Structures are given as structure tokens and as C-alpha cells.
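Residue numbers 278 to 666, in this note's numbering, belong to the letters of the sequence shown in order. No residue lacks a Cβ here, since even glycine has one placed at the ideal position from N, Cα and C. Just so we're clear, the structure is a prediction, and the values are computed from it rather than from any experiment. Working notes, structure below.
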Amino acid sequence: MAGADIPGADEYDIDLSIPESEVRRLLDVGPDDVAPADELTFAKNVFVPLTTACRYTCTYCTYFDPPGEASLLSPEEVREILETGADAGCTEALFTFGDDPDDRYSRIHDQLDEWGHDSIHSYLREVCELALDVGLLPHSNPGDQTREQMALVADANASMGVMLETTADVAAHAGPRRKSPGQRLHTIRTAGELGVPFTTGILVGIGEDWRDRAESLLAIRELHERYGHVQEVIVQNVVPNERSTFDRPSAETMRRVVAMARECLPEAVSVQVPPNLSPTRELLDCGVDDLGGVSPVTDDHINPDYEWPALRELEDIADEAGVPLHERLPVYRRYLPDEVERGADAGDSATGTEWVSETILRAIRADDEAGARYRRVLDRVSFGGPSSR
Ligand code: SF4
């Protein structure tokens, strides 16, 4: 498959070349072809749905609100959520919003203007700095971004992300303004060019076929091979909700897709499933090694009908799999310098500094409560599983 066959590829100059032989090889992969991971990881996060405005209207999505109803959290509301998270021992502030929310929502635009911001990214930068101030590492997931938008916030984030979902043209991306796979790939490529540790993933069951799943995973792999920036790939199944009647893919389907992801991606790239949406226990022998961000204090606002399991639940999952469970930071360890000792100068280290900014390194090395919390996580405290017995 040439990159030009991907919808939106021409517009965004997507220069991928996905060999047919690799697609075929991946289509033959099943759970028996991959090994289970020898540990599971997760991050403790606090979920901040900065705005529910989005220029798109994907049919499976309950996150967005129409113009006139969409919310925009104020700095005071954001601070309150962040402080609750920091007090509960979280390390990650997960900022989410729809795509280009100030594009067609005049109320959001006017509100931003009143607060002194000419764009949502300018506001995002302010709340990322607020998160660092409160004692949390920002991970922003602001939909598709131009190079200028990403560059404006990259150094205030430990990592960023956007779901590719699929390289296919699916009817679920409905409406006059359709999400473009070419634009998603452009955003993922931009993160690579800017050296941003990145999370992406595929969404299973929105009308794509098996070939589309293989091609989507191979597209992610090709961009990662070029830049080395993809830290984890989420394999997420669609779920029924009040806006859509999509069937939840079977456990058998998810087992095969997760195995394909594990086989396709380099070992260093984690394969993540969200435990509040997936048949997680049935997927663990297919190469899953990360359970994503779990929040002890906020709902999953993207899928509010599905509660995050308690941390105890994650411990049980790891116990059943017979592997240790480790907390991690929103930025994976390999993107940090070898030594992240307290009080060291951000510029001291020879490795890793190209991936995270001095701002983030300073926060991790700080001689304060938050810095100590980050470094404890880097020291790999075990939760549940055989190594903690
Ligand atoms: S899935 Fe994302 S891009 Fe699509 S409508 Fe929902 S928030 Fe917008």
C-alpha cells in the first residue's frame, strides 16, 4: 500500500510505503504467535476534559457537545481537579479536548479571548504550566495539531498523544467535517519531527476490516522506525453508548488484533489496552504490557458509562497473569536521561535530553514532594504480582 492510498494522504503529504508482504504476514498472526509480557505497567492520572467542543461529529463518540452546549474549564476549575489528583498521589495530568475546538464554537473562542488567549493551544500551555506548578506531569491529547500548535505546548508536556484510529475511510467519521487519516498521520509525524514522546493507537470495530487494521499498525510502525518517538500503542475496542449502536468487537477479535499489534511493533513500544473498556483478562496472553492511565479521582470523561477499575482491580489482573504490576510516569523511562537524580542540572545528562524539555526534567529532579513522587515511580515500586509477595 502506498501512503497515497490513505484518505487525506495527498493533502498532508504522507509519504508511507506499506509493503503488501508485510500486510499479508500480519494478517496471518494470531495469539499463538506472540508471548505474554513479563510485567504490566500503568500510570496514575487525573483526567482534565479541558473542553468538550470538537469540530467533528464521529458517530461512536459521546465526548463532544454541540456548539452552545460545549464546556471550557476555567483555570480555577482546572486547578481544583489538578490539586485533587496531586493530593491522591497521581503523577499525570491528562488534558483532553476535541479537535480544533475553537474552530466553529464562537462561545469557546470568545471565552478564550476574555481570558487573554488567541487560541486553545495558548490556553493549553497555561494549564500545563499550572499542572507542573501543582505537581503533575502534563500529557496532552488535543486531537490533530499543526506543527506550530504542537511546538507551542511540546516543552510543557512530558508526552503527548492522538489516536490514529484507522487509516481507512469509515462512515463512522461522519458529518460535513470528517476526521482525516492523512491528518492524523501528519500529527504523529510532526511529533516525531519535534521529538515528542508520543502515544497513539487504533480503534477497533468502527467499520474497518482486517486489512485496515494491519495497515494502520504498519503505518504507525513506519513512523516510529523513522523517529523512535512512539512509546505505546493503544488497541481499543469501540463500545456501545447512547449515540451509537456499534457492536463491541468479540474477545476473539480483540485477541487477534492485540497479537497483531504485538507482532508488528518493536518490543520497546508498549501495547496497551484500556481495562475499563476491554476484556482485559482475555487479552493478557496476547502481548499486552500496559494498562494505561487509571485515575483514583476522576471519571473517564471520554467513556463516562464505563468506570475505571480501582487500582485493586489492576493488582488482581496482574496477579491472575502471574506478573508484577509497576507504576510508570506518563513519559516512558527510555525517553529520560540515564540518571534522573535529585537536584541534578537538566543539562548535565548526555542522553535523553533530546526527548524531554528542561522544564520537565527540572520537575522530575526537583527537591520537593512532587519530584520525590516522580522519582519513587522511576524506582519501580511494585503493586501486586509475584515480585511484591
Ligand atoms: S472522537 Fe474525537 S474527533 Fe471524533 S467527535 Fe469525538 S472528540 Fe471529536
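In the three-state reduction of the DSSP assignment, E316 falls in the coil class.
Collapsing the DSSP output to three states places G482 in coil. Around the beta-carbon of P551, 16 or more other beta-carbon atoms lie within 10 Å, marking it buried. Classified as buried, T477 has 16 or more neighbouring CB atoms from the shown chains inside 10 Å of its CB.
In the three-state reduction of the DSSP assignment, V355 falls in the helix class, which pools H, G and I.
Excluding sequence positions up to five before and after V306, its CB lies within less than 7 Å of the CB of A536, M537, E540, all in the same chain and listed in chain order. One thing to note: V565 has its Cβ no nearer than 8 Å to the Cβ of V546. With 16 or more other Cβ atoms from the protein chains shown falling within 10 Å of its own Cβ, A449 counts as buried. No heavy atom of ligand 1 is found nearer than 7 Å to the CB of F372.
When DSSP states are grouped into helix, strand and coil, P308 belongs to the helix group. Distance from the C-beta of G420 to the nearest heavy atom of ligand 1 is below 7 Å.
At least 8 Å separates the beta-carbon of L414 from that of L613.
Residues lining ligand 1 by the Cβ criterion, that is a Cβ closer than 5 Å to any of its heavy atoms, are C331, Y333, C335, C338, Y340, F341, G375, D376 in chain order. Scanning its chain for C-beta atoms nearer than 6 Å, with the 5 sequence neighbours on each side dropped, one finds around I465 the residues T477, L500, in chain order.
For secondary structure counted as the beta strand (DSSP E) over 3 or more consecutive residues, the segment 532 to 605 holds these complete runs in sequence order: 547 to 549, 567 to 571, 602 to 604. Judged by their CB atoms, M440 and L480 are nearer to each other than the 8 Å cut-off. Within the DSSP secondary-structure output, K321 pairs in a beta bridge with V571.
Inter-residue distance for A598 and I358 is about 33 Å (C-alpha atoms, whole angstroms).
By the neighbour-count criterion, in which a residue is buried when 16 or more other Cβ atoms sit within 10 angstroms of its Cβ, W392 is exposed. Between the segment 418 to 429 and the segment 337 to 353 there are fewer than three C-beta pairs closer than 8 Å, too few to call the two in contact. The beta-carbon distance between T443 and I483, rounded to whole angstroms, is 7 Å. This is short enough to meet the 8 Å contact definition. With fewer than 16 other CB atoms across the displayed protein chains lying within 10 angstroms of its CB, D282 is exposed. A Cβ-Cβ contact shorter than 8 Å links F475 with Q508. Going by DSSP, H463 is part of the alpha helix (DSSP H) stretching over 458 to 471.
Among the bridge pairs identified by DSSP, V512 is matched with I479. Secondary structure remark: continuous beta strand (DSSP E) runs of at least 3 residues inside the segment 362 to 400, in chain order: 369 to 374. DSSP lists S417, F475 as the bridge partner or partners of M437. The Cβ atoms of V355 and V323 do not sit closer than 8 Å to each other.
Proximity to G366 across D644, E403, K321 peaks at K321, based on C-alpha coordinates. About 5 Å separates the Cβ atoms of D562 and P313, confirming a contact at the 8 Å cut-off.
For H416 against G438, the beta-carbon gap comes to about 7 Å, under 8 Å, which counts as contact. If you draw a straight line from the Cα of V515 to the Cα of A595, it comes to about 24 Å. Your pair T467 and V654 does not check out as a contact, with CB atoms roughly 28 Å apart and the cut at 8 Å. DSSP, read as helix, strand or coil, puts V300 in helix.
Counting only the Cα atoms, E604 lies some 7 Å from R657. Of the candidates G412, L602, E502, the residue whose Cα lies closest to the Cα of D644 is G412.
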